[in-house]
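Trainee: Same order as they appear, the protein sequences are chains A and B.
Counting along the first sequence from 1, when you hit position 616 you're at 616 in full-length UniProt numbering, and nothing is skipped either side.
Counting along the second sequence from 1, when you hit position 329 you're at 329 in full-length UniProt numbering, and nothing is skipped either side.
Dropping the structure in here first, questions after.
2 protein chains.
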Amino acid sequence: MKKSQSKFSSMLLGTALVASVASGATNELSKVMKERGLSEIDVIRAAKTYNPTGVKDEYVVFSSGGQSGQVIVYGVPSMRILKYIGVFTPEPWQGYGFDKDSLEVLRQGNIRGREINWGDTHHPALSEIDGKYDGKWLAINDKANPRIAIIDLADFETKQIVPNPVFKSDHGGAFFTPNSEYIIEASQYAAPFDNNYHPIEEYKETYRGGVTMWKFDNKIGRIMPDDSFTIEFPPYHQDLSDAGKGISYGWGFTNSFNTEMYTGGIEVGMPPNEAGMSRNDTDFLHVYNWEKLAKLAENPKNVKIINNHKVVPMDIAVKNNALFLIPEPKSPHGVDVDPTGQYLIVCGKLDTHASVYDFKKIKKLIDNKEYAGKDPYGIPILDMKKSLHGQLELGLGPLHNQYSPVDGEVYTSLYVDSQVVKWNFKDLKVIDKENVHYNIGHLAGMEGKSADPQGDYIIALNKLAIDRFQNVGPLHPQNHQLIDIKGKTMDLLVDMPLPLGEPHQAVAIRASKLHPHVRYKMGTNSKTGKIHKGKTLAGEERIERDGKNVTVYATLVRSHINPERITVNKGDKVTIHMTNLERAQDETHGFTIDNYDIHGSLEPGETTTLEFTADVEGVFPYYCTEFCSALHLEMMGYMMVKDPDKKYVSAQKLKMKTMSPEELKAEYDKTVAVNNATDAVIQSVVKFLKDNKFQDHKVVANLVTDALDQYNKIPEQKKKADEALKAGDTEKAILFENMIWQLMVKTADVGIRAKDTLVRKISTKQSAAAARGEVAFAEGGCNGCHVIGKVSSGPDLTGVLQRHENGEQWVSNFILDPESMYDDPYVKGMIDYFNLKMPNQHMSEEETKDIIEYLKWIEENANLF
Amino acid sequence: MKKSQSKFSSMLLGTALVASVASGATNELSKVMKERGLSEIDVIRAAKTYNPTGVKDEYVVFSSGGQSGQVIVYGVPSMRILKYIGVFTPEPWQGYGFDKDSLEVLRQGNIRGREINWGDTHHPALSEIDGKYDGKWLAINDKANPRIAIIDLADFETKQIVPNPVFKSDHGGAFFTPNSEYIIEASQYAAPFDNNYHPIEEYKETYRGGVTMWKFDNKIGRIMPDDSFTIEFPPYHQDLSDAGKGISYGWGFTNSFNTEMYTGGIEVGMPPNEAGMSRNDTDFLHVYNWEKLAKLAENPKNVKIINNHKVVPMDIAVKNNALFLIPEPKSPHGVDVDPTGQYLIVCGKLDTHASVYDFKKIKKLIDNKEYAGKDPYGIPILDMKKSLHGQLELGLGPLHNQYSPVDGEVYTSLYVDSQVVKWNFKDLKVIDKENVHYNIGHLAGMEGKSADPQGDYIIALNKLAIDRFQNVGPLHPQNHQLIDIKGKTMDLLVDMPLPLGEPHQAVAIRASKLHPHVRYKMGTNSKTGKIHKGKTLAGEERIERDGKNVTVYATLVRSHINPERITVNKGDKVTIHMTNLERAQDETHGFTIDNYDIHGSLEPGETTTLEFTADVEGVFPYYCTEFCSALHLEMMGYMMVKDPDKKYVSAQKLKMKTMSPEELKAEYDKTVAVNNATDAVIQSVVKFLKDNKFQDHKVVANLVTDALDQYNKIPEQKKKADEALKAGDTEKAILFENMIWQLMVKTADVGIRAKDTLVRKISTKQSAAAARGEVAFAEGGCNGCHVIGKVSSGPDLTGVLQRHENGEQWVSNFILDPESMYDDPYVKGMIDYFNLKMPNQHMSEEETKDIIEYLKWIEENANLF
């Protein structure tokens, strides 16, 4: 029986490790399944989405943060959220909008002088080369206050915000053209392009829609507003857009609703907008040649300047054969160009069909000037049937499409049916449907709208969660559901609640395409990428006064802020330039002064500026807001704001006990002795690291650099301590010796991590049995008393197999039946020494064998423990 | 072989479902493990943390959001973040700080008149009865700007913010006393209690620490500032606190660092604070009798009034035997009272020991007035050794403790060693250690600091993530690691990145103890819990003018805002009261007016107010910011701001084509016909629901209520349509008929969901074989053509087993070898009809048998499809 189990479990678990596994693991799994009510398929889905500690994800998703105004970054398939990036809303953790440099970016987004402190982010877009993601820049729109933001994927920070000068809302952007030449931003609710009042009764005459083509410099990652232009559209409510590629390169597509131009509402005795805006069976897909229009826009004759921005009027576009309309199913959402560029799929949420347009047919109609009519604004209309490859009934509420690497395959979201449908847009056949929970809006494939879709997964962005999660009040989280599409049919794997904002759309990219850095060149202003004018190195810290202007050049490093005291006069304008001197990855320092509503987040090498007027008198602690080291609480100082018009009376001095010279000398000696002992430990670690060629292992070498960074600060402190002692100031000498100890603690903190990492890198490879033995050793509780390489509550087991004649047998007997050996003189001695008897842990023979293998492995690597 | 496999897999997978499972699932698991490089133990850990869709968590964790200023809510063991609650930082998704009502809460947190728009949240606390969590209120402190916020766990919203009137920073709070009588808030960095300038040279004389005891009303969930008081402490930097319980009830404990009273720093030629503040080997634990002090504070003779707040001076506390000090290990972090109240564990981060104090011993020393000395401020010091139960060396950097339900067991975080250590504080023995990644600060057990700790899990709140996650720029996420403590030894299960803020501490509660509601009583102001003065029901919508004040009473319901047009004059003060008329769970509506930097989030039944001055001329769309229904894009309107001092010229009217009466009549007839057809579908669903007693199933009944809510609005619209038709306005009649259609779409959306839910509730239980058959049917791709209950690309299979003689055999043959039956006349007919041949999907005999069982189950329930 046992044999066939082993064979089966090796087949089942499929790893070399379990060639002759005991039944422990399978029993354990069985127990967990029973306790947690999991089925077989649940366990498979768990395995498909679980990342063991330290294992990274295959894809990175950038999701809009909806009304949070931010961008959400998460990993697939683990569905763990990695970061919220501050974009349109101030974000104190990142210092975004709380330091001067990021505030300058945020305030680029002012509209007509008004500060806007939030956004409704909708459509993230990744920059492209040849229609494929290059992993460099992310653009996203704000629907509520029409703007586009640019995020740098080298540091995941927002670098630019550009308000739209003519729109009053937007929706159909951001979308990059295939070589990131432009970013498309389409308006949503038609409104006058100028900033004047126009009565709703003159809607058709004075309200307009449009598409802004934002010129983008993909090298520096910035929109160039002066080289950008807007194409005027009729006052239909434009919705989503996409850029053509391949055969449709140079063309843009934007769909629309409310081609009825209905304007409600109940208060004038008419039905609300929702009724009038969906009266017609079809709306209009806008087809425009942006390449041609960009050239036209260069000539001032072809543009109107509105709010200092170039607008190409409809009639100019029409006259130059650059703007057309095609009927499309009622109230469409997505217009999605396929990877080749030949096909466009449009789904109308109030129509059960998907409509597949063939750009070759569209182009032929355009070239032949074969029009079915004109709209009220004179734009030529192409015949819908003649433009179509075909239509297919998918279900209720089809919205958006994502492509698969398999030719012709596409995934479409069904809002009302709450399903994802997989179908073939060439053969026009449904392949599979999968239920989601509930009311899916967008869906995100892996690079599923690029020229190089990866397949693997679809994420359903559901609008309602209802009963999916633990109730957290009337406002529910959203729900992104991960669907495995690698098999013949779709398989819904897991739910991910979204804890902040209603994410609208998401784009996914292979993690291997992203190469963010982990530190800045020392003194960098991360918002401009240039060296900050406030850059301050160690030793350059100072406070400068110029009348009522106080400028502080400060540094932060584990674990102090320099300076630690700042005194200013009430009314002074205070500017603090801060530089984080760290080089170690993840060693961020934060900085705030209580009550002054400012906060900076400084990543290694970053310089930033805080600015405020010291308008409130008093004493205000400042501190590092990151738990940056064991001494982080001590990383603080005081700002004191004095009223220059007030007279202060000195406080009566408290009498404190002072130490005698003898007591001081004793403390000094003790402190030095502790330092020497600590240094001996550090030196032993250093020797170990050197002996074992730490420099051959990059991750260890990085840790050693970080540790030495701390250690190398010691001689300077030692010099100060010795000088103070020489000058007879024992008190001061003690304090500097204490500083040495702090540096040693920080050295040891990182140094020990380096050593442990190195041990695992250079030890011999564990056999499968030894690996199981290590687990058994831990799970059997052996490590409660026995610490490898160290005498603990029980003896160190390094070398135990050598300590006894016929050692393996001896140890095995002792594990299996310790009681019988309590009278053995050696064992008796140990019992006396540790005042503890080795208990019977009821290990099986198999486990005991494995533990022996583990002990052998320890002996092989005895030098490392 | 097959037999032993089956037996084994049933043991392994441990569910009734797999009594005779085929090898499909085990092969699949094996494949996934290979592809993803997972070991056996990984799969077990995956199973321990995976929640299938819709399955809820056992525990809910409330974590501070660090410098995000918010509170983070997540589930255990799935480690999915469910919500960020807006607390000290404006949060637009929730409308927090963007609507008038929440802004009133946020602005309670102003300090000395300054608006503070962020916080550094540190220590969340759950309200208690008898030292056990009652699931009613959550309190949290802001370290940067000393304040306490109260969150209502009935709706997860912040209801109150109370700034500390005397502290300039805080840390050691919030902590509830055992019956939520008080919330403890301890200061951190000593500073003058008054608001004046005091030079750092007079630190010892004029700077002070302390503990504020905030009186709490657990019934209404509000702090009562007038009944609260502060206990003055010496200018040591106080750190964490805890309240006694059981034998130590009535006492509070607060530890400290910098009892050296050192004040740095480099700029005055001295070592930085980090060196001077950790010079002494011990610091002081403050032990105070808050029960006695509360009574003392009632007498004005015993208090000083500072900034309108009662402060009990140190000498009064000492004179009344209510304040003592005990030496504690260097720079401690946690002071954690055990579930019985007898023991307190203090760990000093710069000492390798945990110190276990015995309150019985402390009390005896106090009662006997047995003092070891006095501190410079005259506070009696108790002897450390005489107060201790004992000490145990745990490792480097011990910080915080969480208790287990097993008597004497406790878990402690080791910052420098990056470990959690499990030990027994009575026997003083280490039991187990687990590595974490990296530098753990706090740790959170399940109710691990209450009188009723649950065990099960420990969460390690790590300060550095370094290499754990996909790189997302120099600012890394934090990492909370879940550790299973149910076994003999700890087992690290999974990593959770924290995407926003550096969470400092977390508290966990059984999910079953929380009972939040899902909707408000109609017209509720969620911030006060009372009916909002702006409550507006359907039909009461209006715009009122009073000089330059414009007040709008608006409603939101799927899918329109009423009114849809608002015209005001430039300079008008606009107040918009909005009520969400929905009753359906999760039907939140958002509201914004472009460019005006306002946003409201209205949960079902909620009323809130937006307020602004219309200081910018122009046309501004407003819209619902939640994807609330298929018509959500149409849920919009326009605010038009007119300059009263300007003359406007009317635009020249565009000539639009109009429809002939005949064309209008035809459209009207078509619209009515569509409505009738749609209604027929709805009626069939209604009949199905009624026939099958939907009201017996609460979840279905709720959906039906929601659907009828929409459907019942139809007669009113029908009346309007008929009136318009009678009056000869066919155009208007069409529009109202269209509104009827919208209501029908929304009815159907929810109604179909109700039907599907009901089917699963009332169908007969599937046999294991039928359940496998359903999976095989889907995974084999059968459902690509065959939709149960419907003719699709292939015939409906309901009743297929009855359609053929010897039906089971016939269907089985056809699945296994369809090609051989293409010439069968019946099959031929089908091929002609569907223009498709049934393909060979290569199903196994076992799968085919299961599919037959599935088809039998369908026939049993044929009436439901």
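Yeah, the Cβ is synthetic: ideal placement off N, Cα and C, and Gly gets one too.
Everything numeric in this text was worked out from a predicted model, so none of it was measured.
Considering residue 873(A), what are the terminal residues of the alpha helix (DSSP H) in which it resides?
Mentor: Only positions 1 to 865 of chain A appear in this structure, which leaves residue 873(A) out of reach.
Trainee: Any beta-carbon of chain A closer than 8 Å to the one on Arg565(B)?
Mentor: Output row for Arg565(B): interface = yes.
Trainee: Measure the CB-CB distance between Tyr249(A) and Gly341(A) and report whether it falls below 8 Å.
Mentor: Yes, they are a contact pair.
Trainee: Chain A beta carbons: is any one of them nearer than 8 Å to that of Thr254(B)?
Mentor: No - not a single Cβ of chain A is within 8 Å of the one on Thr254(B).
Trainee: Going by alpha carbons, who is nearest to Met384(B) out of Arg36(B), Asp281(B), Val73(B), Met270(B)?
Mentor: That would be Asp281(B), whose Cα lies nearest to the Cα of Met384(B).
Trainee: Would you grab the beta carbon distance between Arg208(B) and Ala190(B) for me? Rounded to a whole angstrom, and I think it's under 8 Å.
Mentor: That belief holds up - the Cβ atoms of Arg208(B) and Ala190(B) are roughly 6 Å apart, short of 8 Å.
Trainee: Arg73(B) to Asn738(A), Cα distance in whole Å?
Mentor: A small fix is needed here, since residue 73(B) is Val in this sequence, not Arg. Each residue's alpha carbon lies about 41 Å from the other.
Trainee: Among the candidates Trp423(B), Leu394(B), Gly395(B), Gln419(B), whose CA atom is the shortest distance from the CA of Gly408(B)?
Mentor: Ranking the options by Cα distance to Gly408(B), first place goes to Trp423(B).
Trainee: Quick one: grab the DSSP three-state call for Ala630(A).
Mentor: Residue state, collapsed to three classes: coil.
Trainee: At the 8 Å Cβ level, is Phe620(B) part of the contact set with chain E, yes or no?
Mentor: No chain E appears in the structure shown, which is made up of the protein chains A and B.
Trainee: Between Ala22(B) and the rest of its own chain, which residues show a CB-CB distance below 6 Å, the 5 nearest in sequence each way excluded?
Mentor: Because the pLDDT of Ala22(B) is 39, which lies under 50, any placement of that residue in the model is unreliable, and the question is left without a value.
Trainee: With three or more beta-carbon pairs closer than 8 Å as the criterion, would you say the stretch 166–173 of chain B touches the stretch 231–244 of chain B?
Mentor: With a cut-off of 8 Å, the stretch 231–244 of chain B and the stretch 166–173 of chain B count as touching, because enough Cβ pairs lie within range.
Trainee: Which residues in chain A have a C-beta closer than 8 Å to the C-beta of Gln94(B)? List them in chain order.
Mentor: Correct list: Leu475.
Trainee: When you check each C-beta in the stretch 201–220 of chain A against every C-beta of chain B, which residues fall closer than 8 Å?
Mentor: Cβ contacts with chain B: Glu202, Lys204, Glu205, Thr206, Tyr207.
Trainee: Determine whether the beta carbon atoms of Val337(B) and Leu285(B) lie at a separation below 8 Å.
Mentor: Not closer than 8 Å, so no.
Trainee: Quick one: what does DSSP say Ala22(B) is sitting in, helix, strand or coil?
Mentor: Unreliable positioning characterises Ala22(B) in this predicted model, as indicated by a pLDDT of 39, which lies under 50. A coordinate reading is not provided.
Trainee: Measure how close the beta-carbons of Lys449(A) and Gln402(A) come, nearest whole angstrom, since I'm counting them as under 8 Å.
Mentor: The pair is a contact, with the Cβ atoms about 6 Å apart (cut-off 8 Å).
Trainee: Between which two residues does the beta strand (DSSP E) carrying Tyr833(A) extend?
Mentor: Premise fails: Tyr833(A) lies in the alpha helix (DSSP H), 825–834, not in any beta strand (DSSP E).
Trainee: Taking Phe253(B) as the reference, give the member of Ile762(B), Ile362(B), Leu38(B), Arg565(B) with the closest Cα.
Mentor: Minimum Cα distance to Phe253(B) is reached at Ile362(B).
Trainee: Between the C-alpha atoms of Tyr50(A) and Asp491(A), what's the straight-line distance to the nearest angstrom?
Mentor: Going from the Cα of Tyr50(A) to the Cα of Asp491(A) covers about 16 Å.
Trainee: Report the neighbours of residue 907(B) on chain A: residues whose CB is nearer than 9 Å to its CB, in chain order.
Mentor: The question about residue 907(B) has no answer here: the residues shown for chain B are numbered 1 through 865.
Trainee: Are the C-beta atoms of Gly135(A) and some chain B residue less than 8 Å apart?
Mentor: Not one chain B Cβ lies under 8 Å of Gly135(A).
Trainee: From the DSSP output, in three-state form, read off residue 868(B) for me.
Mentor: This structure gives no information on residue 868(B), because the portion of chain B shown stretches from 1 to 865.
Trainee: Can you pull the chain A neighbours of Gln652(B), defined as C-beta to C-beta under 7 Å?
Mentor: Correct list: Glu205.
Trainee: Under a three-way DSSP split, which group does Glu847(A) fall into?
Mentor: Note: Glu847(A) maps to helix in three-state DSSP.
Trainee: Could you tell me the distance, in whole angstroms, from the CA atom of Asn861(B) to the CA atom of Gly789(B)?
Mentor: Roughly 11 Å between the two C-alpha positions.
Trainee: If we define contact as Cβ-Cβ less than 8 Å, is Tyr833(B) a contact residue for chain A?
Mentor: With 8 Å as the cut-off, Tyr833(B) does not count as an interface residue toward chain A.
Trainee: Whose Cβ in chain A lies nearer than 8 Å to the Cβ of Val507(B)?
Mentor: Residues of chain A passing the Cβ test: none, with the nearest at roughly 15 Å.
Trainee: Pull up the DSSP beta-bridge partners for Val421(B), would you.
Mentor: Answer is Thr412(B), Lys433(B).
Trainee: Within 8 Å of any Cβ in chain B, is that where the Cβ of Gly69(A) sits?
Mentor: Taking Cβ atoms only, chain B reaches closer than 8 Å to Gly69(A), which makes this a yes.
Trainee: When the Cα of Ser64(B) is compared with those of Met213(B), Glu91(B), Asp130(B), Pro124(B), which residue comes out closest?
Mentor: Ser64(B) has its Cα closest to that of Pro124(B), out of Met213(B), Glu91(B), Asp130(B), Pro124(B).
Trainee: Please report the residue range of the alpha helix (DSSP H) in which Lys386(A) lies.
Mentor: From DSSP, the alpha helix (DSSP H) with Lys386(A) extends over 384–387.
Trainee: Exposed or buried, which one is Ser127(A) when buried takes at least 16 other CB atoms within 10 Å?
Mentor: It is buried - the Cβ of Ser127(A) has at least 16 other Cβ atoms within 10 Å.
Trainee: I need the boundaries of the beta strand (DSSP E) containing Thr212(A), first residue and last residue.
Mentor: Where Thr212(A) is concerned, the enclosing beta strand (DSSP E) stretches over 209–217.
Trainee: Starting from Ser102(B), follow the alpha helix (DSSP H) in both directions and report where the run begins and ends.
Mentor: Run containing Ser102(B): 100–107, per the alpha helix (DSSP H) assignment.
Trainee: Take Asn783(A) and list the residues in its own chain whose beta-carbon comes closer than 7 Å to its own, dropping the five residues that flank it on each side.
Mentor: Within the same chain, Asn783(A) has close Cβ partners Phe777.
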